[in-house]
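Each remark here refers to the structure printed beneath this line.
Residue numbers (this note's numbering): 53 to 317.
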């Protein structure tokens with residue numbers, strides 16, 4: 053896309069993907085981030101556009117499609133000719149779906165218009181993909197929580213059953229119920245904390261990998277997430293550990309320690 057100005061505002065806002073800093077075209081060609089990643093180049097490098105090697109000045113955040121932005125003077129230097137103005141950017145005051153469709157039909161009825169591209173349709177496609185990913189992630193989160201409950205419950209049950217005589221001995225020696233519970237449950241807490249730390253670290257890199265691979269070639273998804281995404285699993289696992297701790301304490305209170313000591317391995 054070519055313009056005589058230094059930017060495309062108010063139609064298109066050029067921003068850096070990392071800090072949303074405004075970009076202008078006075079320093080050279082600006083290319084959308086997904087195209088840059090596919091081409092494997094970085095600012096200062098060269099990218100081939102229309103059969104010509106073009107120096108990349110900056111990268112712009114763009115979630116749908118591939119675009120290269122430059123000034124008309126830069127275009128003339130690169131391609132040796134003036135840019136052909138074959139498209140117009142139109143911004144409607146009334147952005148309702150009905151008005152967009154009506155105006156698009158009006159434009160298409162003109163003989164001089166070959167096609168009309170609507171941002172609304174792009175937004176709709178993007179939202180469909182985002183909703184699909186959100187539903188998938190919700191299912192995975194629920195399954196993960198259920199899996200955590202099953203694993204922690206079975207692990208604790210096995211640990212208590214295998215060491216019931218040891219726990220009985222400790223209780224007979226005069227340890228309080230809370231001390232006995234922590235004696236057996238401390239291992240589960242430590243393992244869970246280690247698991248949460250490893251899971252958060254691994255999940256961070258796995259999320260970035262999946263976001264890059266799942267998105268179609270024309271769609272760029274922002275891998276940055278809010279802190280609540282990390283706080284939710286931490287809260288869920290902590291709640292499970294707390295409830296399971298009360299369950300273990302209740303069970304150990306009900307165990308006949310003397311009978312357990314009499315049992316034969």
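For every residue, glycine included, the Cβ atom is placed at its ideal position computed from N, Cα and C.
Member of the options whose CA lies at the smallest distance from the CA of residue i
{"i": "residue 92", "options": "103, 102, 178, 108", "result": "108"}
{"i": "residue 288", "options": "233, 196, 95", "result": "196"}
{"i": "residue 167", "options": "157, 219, 191, 69", "result": "157"}
{"i": "residue 241", "options": "217, 82, 293, 77", "result": "293"}
{"i": "residue 285", "options": "249, 302, 268", "result": "249"}
{"i": "residue 87", "options": "99, 138, 71", "result": "99"}
{"i": "residue 174", "options": "225, 137, 152", "result": "152"}
{"i": "residue 279", "options": "256, 69, 272, 290", "result": "256"}
{"i": "residue 140", "options": "164, 131, 130", "result": "164"}
Assumed close pair residue i, residue j - CB separation to whole angstroms, cut-off 8 Å
{"i": "residue 144", "j": "residue 155", "result": "6 Å"}
{"i": "residue 270", "j": "residue 97", "result": "Not really, about 22 Å apart at Cβ, beyond 8 Å."}
{"i": "residue 229", "j": "residue 304", "result": "7 Å"}
{"i": "residue 121", "j": "residue 53", "result": "5 Å"}
{"i": "residue 112", "j": "residue 82", "result": "5 Å"}
{"i": "residue 85", "j": "residue 114", "result": "6 Å"}
{"i": "residue 282", "j": "residue 252", "result": "6 Å"}
Three-way DSSP call (helix, strand, coil) for residue i in this model
{"i": "residue 99", "result": "strand"}
{"i": "residue 137", "result": "coil"}
{"i": "residue 318", "result": "Residue 318 falls outside the range modelled here, since the chain spans only 53 to 317, and no answer is possible."}
{"i": "residue 84", "result": "strand"}
{"i": "residue 248", "result": "helix"}
{"i": "residue 169", "result": "coil"}
{"i": "residue 121", "result": "strand"}
9 Å Cβ cutoff, residue i in contact with chain C
{"i": "residue 131", "result": "No chain C is part of this structure, which consists of one protein chain only."}
| message | Under 8 Å: do the stretch 201–209 and the stretch 147–154 share three or more Cβ pairs, one atom per stretch? | response | At 8 Å Cβ cutoff, the stretches do not touch.
| query | Touching or not, the stretch 252–271 and the stretch 215–232, by the rule of three or more beta carbon pairs under 8 Å? | reply | Three or more beta-carbon pairs separated by less than 8 Å are not found between the stretch 252–271 and the stretch 215–232, which leaves the two stretches without contact.
| message | For a minimum of 4 consecutive residues, which ranges assigned as the alpha helix (DSSP H) are wholly contained in the stretch 258–307? | response | Qualifying alpha helix (DSSP H) stretches, in chain order: 280–306.
| request: Entirely within the stretch 212–248 and at least 4 residues each: give me those alpha helix (DSSP H) ranges in chain order. | output: Whole alpha helix (DSSP H) segments, 4+ residues: 216–224.
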